[in-house]
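Encoded as structure tokens, the structure appears first; notes follow it.
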Amino acid sequence: MKIRYLFITFIILSIISIFIGVSNVSIWDIFSLTEEQAEVLIISRIPRLLSIVIAGASMSITGLIMQQLSKNKFVSPTTAGTLDSARLGILVSMMLFTSAGLFQKMILSFAFALLGTFVFMKILEKVKFKDAIFIPLVGIMFGNIISSVSTFFAYRYDLIQNMSSWMQGDFSMIMSGNYELIFVSLPILIVAYLFANKFTIAGMGEDFSKNLGLNYRQVVNLGLAIVALATASVVLSVGVIPFLGLIIPNIVTIYQGDHLKNNLPHTALLGAVFVLVCDILGRVIIYPYEIPISLMVGVIGSGVFIYLLMRRRKYGL
Amino acid sequence: MVNIMNVSKKYNDKTVLDDISVDIQKGTITSFIGPNGAGKSTLISLVSRLIAEDDGQIKVGGENIKEVKSEELAKKLSILKQSNAINMKLTVRELVSFGRFPYSKGRLKSDDWAKVEEAIDYMELRDMQHKYLDELSGGQRQRAHIAMVIAQDTEYILLDEPLNNLDMRHSVQIMKTLRKLVDELGKTILLVIHDINFASCYSDNIIALKDGRIVKQGRACDVIDECVLKEIYDMEFNVQNINDQRICIYFD
Amino acid sequence: MGYKKKTILLAVVAVFLAVLYIVYDLKGNIGYVLPRRIIKVVAILITGAAIAFSTTIFMTITHNRILTPSVMGLDSLYLLLQTVMVFIFGSGSFVLMNSNVNYLISIGCMILFALVLFRFLFRGENNSIYFLLLIGIILGTFFSSITSFMQVLIDPNEFMIAQDRMFASINNVNGDLVYVSIILFVLISLYFLRFYKYLDVIGLGKDQAINLGVPYDYVVKHLLVIVAMLTSIATALVGPITFLGLLVVNVSYEFLKTFRHSYLILGSVCLSIIALIGGQFIVEKIFTFQTTLSVIINFVGGVYFIYLLLKENKSW
Chain A
60 MKIRYLFITF
70 IILSIISIFI
80 GVSNVSIWDI
90 FSLTEEQAEV
100 LIISRIPRLL
110 SIVIAGASMS
120 ITGLIMQQLS
130 KNKFVSPTTA
140 GTLDSARLGI
150 LVSMMLFTSA
160 GLFQKMILSF
170 AFALLGTFVF
180 MKILEKVKFK
190 DAIFIPLVGI
200 MFGNIISSVS
210 TFFAYRYDLI
220 QNMSSWMQGD
230 FSMIMSGNYE
240 LIFVSLPILI
250 VAYLFANKFT
260 IAGMGEDFSK
270 NLGLNYRQVV
280 NLGLAIVALA
290 TASVVLSVGV
300 IPFLGLIIPN
310 IVTIYQGDHL
320 KNNLPHTALL
330 GAVFVLVCDI
340 LGRVIIYPYE
350 IPISLMVGVI
360 GSGVFIYLLM
370 RRRKYGL
Chain B
319 MVNIMNVSKK
329 YNDKTVLDDI
339 SVDIQKGTIT
349 SFIGPNGAGK
359 STLISLVSRL
369 IAEDDGQIKV
379 GGENIKEVKS
389 EELAKKLSIL
399 KQSNAINMKL
409 TVRELVSFGR
419 FPYSKGRLKS
429 DDWAKVEEAI
439 DYMELRDMQH
449 KYLDELSGGQ
459 RQRAHIAMVI
469 AQDTEYILLD
479 EPLNNLDMRH
489 SVQIMKTLRK
499 LVDELGKTIL
509 LVIHDINFAS
519 CYSDNIIALK
529 DGRIVKQGRA
539 CDVIDECVLK
549 EIYDMEFNVQ
559 NINDQRICIY
569 FD
Chain C
40 MGYKKKTILL
50 AVVAVFLAVL
60 YIVYDLKGNI
70 GYVLPRRIIK
80 VVAILITGAA
90 IAFSTTIFMT
100 ITHNRILTPS
110 VMGLDSLYLL
120 LQTVMVFIFG
130 SGSFVLMNSN
140 VNYLISIGCM
150 ILFALVLFRF
160 LFRGENNSIY
170 FLLLIGIILG
180 TFFSSITSFM
190 QVLIDPNEFM
200 IAQDRMFASI
210 NNVNGDLVYV
220 SIILFVLISL
230 YFLRFYKYLD
240 VIGLGKDQAI
250 NLGVPYDYVV
260 KHLLVIVAML
270 TSIATALVGP
280 ITFLGLLVVN
290 VSYEFLKTFR
300 HSYLILGSVC
310 LSIIALIGGQ
320 FIVEKIFTFQ
330 TTLSVIINFV
340 GGVYFIYLLL
350 KENKSW
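Here you go:
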């Protein structure tokens with residue numbers, strides 16, 4: 060697949076995304092917008108499109124980075140406890156500060172996501188049985204534990220239903236003024252691109268990297284920081300979107316091979332396209348209501364993931 | 319007798335064994351040699367019903383292994399694979415006593431224990447019989463596993479690279495034991511082995527595989543031959559007679 | 040102290056705690072309080088036994104000590120079922136109020152799910168059990184995402200009812216269910232006896248087990264079904280307690296230091312009863328019902344799991 064076609068698809072879907080919704084704004088109105096229509100576009104539709112694109116791209120990229128670093132195709136924020144840790148961070152901030160602002164939530168969520176992912180990488184080093192299927196199992200178990208810790212506190216402080224809404228990725232509440240945090244992810248994507256080759260080398264292992272004169276620890280830590288920061292900002296502004304980091308890089312690998320630097324743009328674009336498709340479907344299926352993005356991605360993503368697993372078993376990929 | 323008749327095996331469309339037919343005599347040591355990926359381990363796993371063949375038949379002592387109950391086959395044939403990572407806390411003696419499972423189903427009687435004692439003594443493990451497996455060296459652990467196979471007391475014994483990771487002293491020790499099992503107790507042994515000099519010195523027959531086919535089979539002295547080996551391994555060999563043994567020199 | 044004595048010790052402690060729980064601070068209307076306490080203790084015994092039992096088997100057939108039956112996605116399915124019932128029928132409906140119906144629906148669906156999953160995955164030849172588990176866990180995630188979607192849609196008052204069902208609690212356990220569970224448990228145990236002798240050998244690994252004459256695939260398939268049934272019973276009786284099994288079976292391995300499943304199963308069953316009754320004491324006396332049993336046990340079990348993973352270990 061040429062990146063050209065991917066890009067064209069992306070543009071078309073973006074346009075569709077902007078002109079779908081309860082308030083009627085047609086593409087033909089674009090040069091004769093009423094004041095009301097312009098407001099809808101600026102306050103709701105365009106922020107929504109931006110957050111979809113950034114969330115899709117950055118969650119996919121985080122998965123790609125984690126897979127490079129761990130040398131395992133099935134490691135991602137979903138299967139390494141990163142998402143669960145980020146949520147625990149938000150919960151802790153709500154417990155510590157009675158009216159936690161976005162900043163406090165962000166800091167704690169980032170810190171927890173970083174810590175959680177770091178612990179997972181430590182676990183990876185200890186596990187001797189590095190089976191491609193076994194590692195994600197351990198990661199998901201690990202994530203469940205973090206969740207059970209969250210539940211422990213949420214239950215005590217009556218925050219369960221509140222927590223559920225954090226878990227639910229949802230673009231319908233996105234409006235200008237409450238989503239800007241997601242832009243934190245943008246510079247991260249650029250850093251990811253600059254360091255791509257180094258991540259690949261670091262994935263070969265500590266000895267291998269040292270042999271090539273690379274500061275292994277530093278590169279790994281940078282990678283994990285990128286992953287944690289992107290995850291925290293997406294979870295806070297949109298909510299949890301599962302599976303993206305897992306399936307998108309794997310699909311790209313299937314048609315594109317395994318070169319991190321070449322794959323980055325593909326992964327970012329495909330991630331955005333995938334989320335756009337899911338979002339548009341979610342808005343159309345039970346119109347005028349909406350199916351939240353996390354459910355759409357959860358359903359389609361788990362299907363795709365199972366397909367990938369089956370395919371892997373068949374071809375030994 | 320072990321009869322392998324027209325056996326084939328594929329993994330994901332890749333043919334690993336292609337129409338193999340061979341008969342193995344009772345009371346002999348037969349070694350399977352050949353380059354990596356030739357299908358040696360697969361063949362031995364097929365004979366021991368660890369995996370199922372796609373095509374063909376395998377008979378052990380005249381009976382098709384597919385038609386014999388697994389429990390009954392366990393009294394006639396035993397297999398020791400190369401990876402024996404057991405993650406249970408077991409002592410040597412406990413491991414050896416598992417060899418009696420086909421007969422006792424876990425409740426060992428006095429004659430089962432007698433076999434266990436015998437196997438322990440046979441492998442000279444008496445001193446360390448109460449040690450845990452993870453406290454032993456690789457060679458000792460391998461001996462413990464072989465003791466278990468001896469306790470299982472089967473006519474046919476299959477071993478997949480039993481010398482892997484062993485130093486020379488232990489390798490020789492194990493090959494001598496296998497020889498003794500055949501000569502004294504009349505067992506039939508099939509083994510996969512990489513070191514052709516060990517194969518040459520200790521086995522009666524050698525079967526050479528390459529790309530899933532049998533290239534050559536016969537008495538050890540017939541297969542250990544410069545032309546034959548060159549065909550199998552695609553490299554030059556220099557075969558010398560030293561003390562009545564055929565020894566291969568293959569270092570340029 | 041050998042493993043036999045240690046097992047007896049565990050059994051004595053478990054019985055002692057059970058009796059203590061029944062007679063502790065027993066006053067007031069004894070004719071009312073006593074039967075209720077006995078029901079609770081029996082519920083604990085059944086749940087603890089089912090979870091410990093199934094987890095021990097599960098760890099043996101998966102050849103490692105950090106996976107529990109909960110990774111098959113059964114817990115998530117249970118939560119989904121409860122949420123769906125609240126969502127569709129409302130909290131006051133017959134299906135939710137009549138716990139027998141709810142119980143049977145839940146158990147039926149969970150066992151059906153497990154059977155479909157196993158059937159589907161054991162079709163091919165080179166079936167890896169980890170593969171099966173990963174599929175199960177992904178389906179579990181799938182169920183959870185639907186559950187959390189519905190939870191957001193449910194009216195907060197109704198949600199309270201669903202929430203009560205989602206956390207294991209033996210305070211409102213229903214007497215009838217306990218009897219049904221006992222019968223099911225006994226039946227499953229009898230069925231298990233056929234496969235009991237193979238467990239020690241299966242622990243040696245697949246190749247060794249086949250070598251020693253175990254009809255491996257057949258036995259593992261049946262054991263998995265047993266695990267699924269036991270897990271379903273425990274979950275439907277008191278709700279999901281994900282990490283209890285992990286905790287008690289590992290402690291039992293560490294404490295008894297044996298490979299013999301007769302003792303391991305017995306030991307972990309006793310430990311799990313000790314943990315549950317101990318936990319229930321803590322919930323009632325220290326937290327004065329401010330939290331639930333499952334939340335505490337998942338917390339402790341979870342922390343223990345991370346400790347296990349981080350500890351240098353050779354057992355996986």
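Protein chains in written order, with my numbering: chain A, 60 to 376; chain B, 319 to 570; chain C, 40 to 355.
Ideal Cβ positions, reconstructed from N, Cα and C, are used throughout, including at glycine.
In this text the structure is predicted, and so the values were computed from the model without any measurement.
In terms of DSSP beta bridges, what is Tyr329/B paired with? Taking the first residue of the second sequence as position 1, residue 329/B is located at position 11. Per DSSP, Lys332/B.
Using a Cβ-Cβ cut-off of less than 7 Å, give me the residues of the segment 124-137 of chain A that come near chain C, in sequence order. Going along the segment 124-137 of chain A in chain order, one finds no residue with a Cβ nearer than 7 Å to chain C.
What separation, rounded to the nearest whole angstrom, lies between the Cα atoms of Ser518/B and Ile492/B? The residue given as residue 518/B occupies position 200 in the second sequence. The residue given as residue 492/B occupies position 174 in the second sequence. Inter-residue distance for Ser518/B and Ile492/B is about 15 Å (C-alpha atoms, whole angstroms).
Environment of Leu376/A [buried if 16+ CB atoms lie within 10 Å]: Indexing the first sequence from 1 puts residue 376/A at position 317. At Leu376/A the pLDDT is 45, less than 50, meaning the model places this residue with poor confidence; the figure from the coordinates comes in the next sentence. When all chains shown are included, Leu376/A counts as exposed.
Contact check, Ile397/B vs Asn139/C, beta carbons under 8 Å: As a position in the second sequence, residue 397/B is number 79, starting the count at 1. As a position in the third sequence, residue 139/C is number 100, starting the count at 1. In this structure, Asn139/C does not lie closer than 8 Å to Ile397/B by Cβ.
Can you find the residues in the same chain that come closer than 7 Å, C-beta to C-beta, to Leu128/A, ignoring five residues on each side of it along the sequence? One-based indexing of the first sequence puts residue 128/A at position 69. Once the five neighbours on either side are set aside, the close Cβ partners of Leu128/A are Phe258, Ala261, Gly262, Val279, Gly282.
For a contact meaning CB atoms closer than 7 Å, what does Gly242/C contact in chain B? Position 203 of the third sequence holds residue 242/C. Met406, listed in chain order.
For a contact defined as C-beta to C-beta under 7 Å, what are the partners of Pro254/C on chain B? By 1-based counting over the third sequence, the position of residue 254/C is 215. Here the neighbours are Ser388.
Alpha carbon to alpha carbon, what distance is there between Thr99/C and Leu443/B? By 1-based counting over the second sequence, the position of residue 443/B is 125. By 1-based counting over the third sequence, the position of residue 99/C is 60. Roughly 28 Å separates the two Cα atoms.
Interface partners of Pro308/A on chain C, CB under 8 Å: Start at 1 with the first residue of the first sequence, and residue 308/A comes out as number 249. Chain C residues near Pro308/A: none, gap ~17 Å exceeds 8 Å.
Please confirm whether Lys43/C and Phe294/C have their CB atoms less than 8 Å apart. Position 4 of the third sequence holds residue 43/C. Position 255 of the third sequence holds residue 294/C. With respect to the 8 Å criterion, Lys43/C and Phe294/C are not classified as neighbours on the basis of their beta carbons.
Assuming Ala526/B is part of the beta strand (DSSP E), what are its boundary residues? Start at 1 with the first residue of the second sequence, and residue 526/B comes out as number 208. That run of the beta strand (DSSP E) goes 523-528.
By how many angstroms is the C-alpha of Arg158/C removed from the C-alpha of Met441/B? Translated into positions along the second sequence, residue 441/B becomes position 123. Translated into positions along the third sequence, residue 158/C becomes position 119. Taking the straight line joining both Cα atoms gives about 44 Å.
Would you mind stating whether Leu116/C and Phe170/C have Cβ atoms separated by less than 8 Å? The residue labelled residue 116/C in the question sits at position 77 within the third sequence. The residue labelled residue 170/C in the question sits at position 131 within the third sequence. Pairing Leu116/C with Phe170/C gives a Cβ-Cβ distance that is not under 8 Å.
For a cutoff of 8 Å on Cβ pairs, would you count Ser656/B as touching chain C? Because chain B spans 319 through 570 in this model, residue 656/B falls outside it and cannot be assessed.
Tell me which residues share the same chain as His300/C and place their Cβ nearer than 6 Å to its Cβ, disregarding the 5 neighbours each side in the sequence. Taking the first residue of the third sequence as position 1, residue 300/C is located at position 261. The answer, listed in chain order, is Leu238, Asp239.
Determine the DSSP secondary structure at Ser349/B, reduced to helix, strand or coil. As a position in the second sequence, residue 349/B is number 31, starting the count at 1. It is a strand residue.
DSSP three-state call for Asn382/B: helix, strand or coil? Stepping through the second sequence from its first residue, residue 382/B is reached at position 64. Residue state, collapsed to three classes: strand.
Starting from Asp552/B, trace the alpha helix (DSSP H) in both directions and tell me its first and last residue. What you label residue 552/B is simply residue 234 of the second sequence in a count that begins at 1. Under the DSSP assignment, Asp552/B falls outside any alpha helix (DSSP H); it carries neither an H nor an E label.
Under 8 Å, Cβ to Cβ, is there at least one residue of chain C near Ser207/A? For the purposes of this step, residue 207/A is identified with residue 148 of the first sequence, where counting begins at 1. Answer yes: the Cβ-Cβ gap between Ser207/A and chain C drops below 8 Å somewhere.
Beta-carbon within less than 7 Å of Gly112/C's beta-carbon, same chain only, minus the 5 sequence neighbours each way: which residues are those? Residue 112/C sits at position 73 when you count from the first residue of the third sequence. Only Gly175, Ile176, Leu178, Gly179, Phe182 meet the Cβ criterion.
Beta strand (DSSP E) segment containing Leu509/B, residue limits: Along the second sequence, one-based indexing puts residue 509/B at 191. From DSSP, the beta strand (DSSP E) with Leu509/B extends over 506-510.
Taking the beta carbon of Ile313/A as the centre, do at least 16 other beta carbons fall within 10 Å, making it buried, or is it exposed? Taking the first sequence and counting its residues from 1, one reaches residue 313/A at position 254. Counting Cβ neighbours within 10 Å, Ile313/A comes out exposed, since fewer than 16 surround it.
Please identify the residue among Gly360/A, Leu288/A, Ala255/A, Ile149/A whose C-alpha is closest to the C-alpha of Gly304/A. Working through the first sequence from its first residue, we reach residue 304/A at position 245. Gly304/A has its Cα closest to that of Gly360/A, out of Gly360/A, Leu288/A, Ala255/A, Ile149/A.
Arg531/B lies in the alpha helix (DSSP H); which residues open and close that run? Locating residue 531/B in the second sequence gives position 213, counting from the first residue. Careful: Arg531/B lies outside any alpha helix (DSSP H), inside the beta strand (DSSP E) at 531-537.
Between the segment 246-260 of chain C and the segment 51-71 of chain C, do at least 3 Cβ pairs fall closer than 8 Å? At 8 Å Cβ cutoff, the stretches do not touch.
Under 8 Å between C-beta atoms of Ser292/A and Ser353/A: Start at 1 with the first residue of the first sequence, and residue 292/A comes out as number 233. Start at 1 with the first residue of the first sequence, and residue 353/A comes out as number 294. No, these two residues do not count as a Cβ contact at 8 Å.
Residues of chain C with CB under 9 Å from Val358/A, in chain order? Indexing the first sequence from 1 puts residue 358/A at position 299. Under the 9 Å cutoff, chain C gives Phe181, Ser184, Ile185.
How close, in whole Å, do the beta carbons of Ile300/A and Gly228/A come, if the pair is a contact with beta carbons under 8 Å? Taking the first residue of the first sequence as position 1, residue 300/A is located at position 241. Taking the first residue of the first sequence as position 1, residue 228/A is located at position 169. The pair is a contact, with the Cβ atoms about 4 Å apart (cut-off 8 Å).
Strictly under 8 Å for the Cβ-Cβ distance: is Gly424/B near chain C by that measure? One-based indexing of the second sequence puts residue 424/B at position 106. It does: the Cβ of Gly424/B has a partner Cβ on chain C nearer than 8 Å.
Would you kindly work out how many angstroms separate the C-alpha atoms of Tyr568/B and Asn556/B, rounded to a whole number? For this step, residue 568/B is matched to residue 250 along the second sequence. For this step, residue 556/B is matched to residue 238 along the second sequence. Taking the straight line from one Cα to the other gives about 6 Å.
To the nearest angstrom, report how far apart Ser311/C and Phe92/C are at their CA atoms. In the third sequence, residue 311/C corresponds to position 272, counting from 1. In the third sequence, residue 92/C corresponds to position 53, counting from 1. Cα to Cα, Ser311/C sits roughly 10 Å from Phe92/C.
Rounded to whole angstroms, how far is the Cβ of Thr495/B from the Cβ of Ile524/B, which I believe are closer than 8 Å? Within the second sequence, residue 495/B is the residue found at index 177, counting from 1. Within the second sequence, residue 524/B is the residue found at index 206, counting from 1. Thr495/B to Ile524/B, Cβ: 19 Å. No contact.
Proximal residues, the segment 334-345 of chain C versus chain A, C-beta separation under 7 Å: Val334, Asn337, Phe338, Gly341, Phe344, Ile345
Ends of the alpha helix (DSSP H) at Leu218/A? Your numbering for residue 218/A matches position 159 in the first sequence. From DSSP, Leu218/A is part of no alpha helix (DSSP H); its letter is neither H nor E.
What do you get for Ile249/A, buried or exposed, if any count of 16 or more other CB atoms within 10 angstroms of its CB means buried? Within the first sequence, residue 249/A is the residue found at index 190, counting from 1. Ile249/A is exposed by the Cβ-count criterion.
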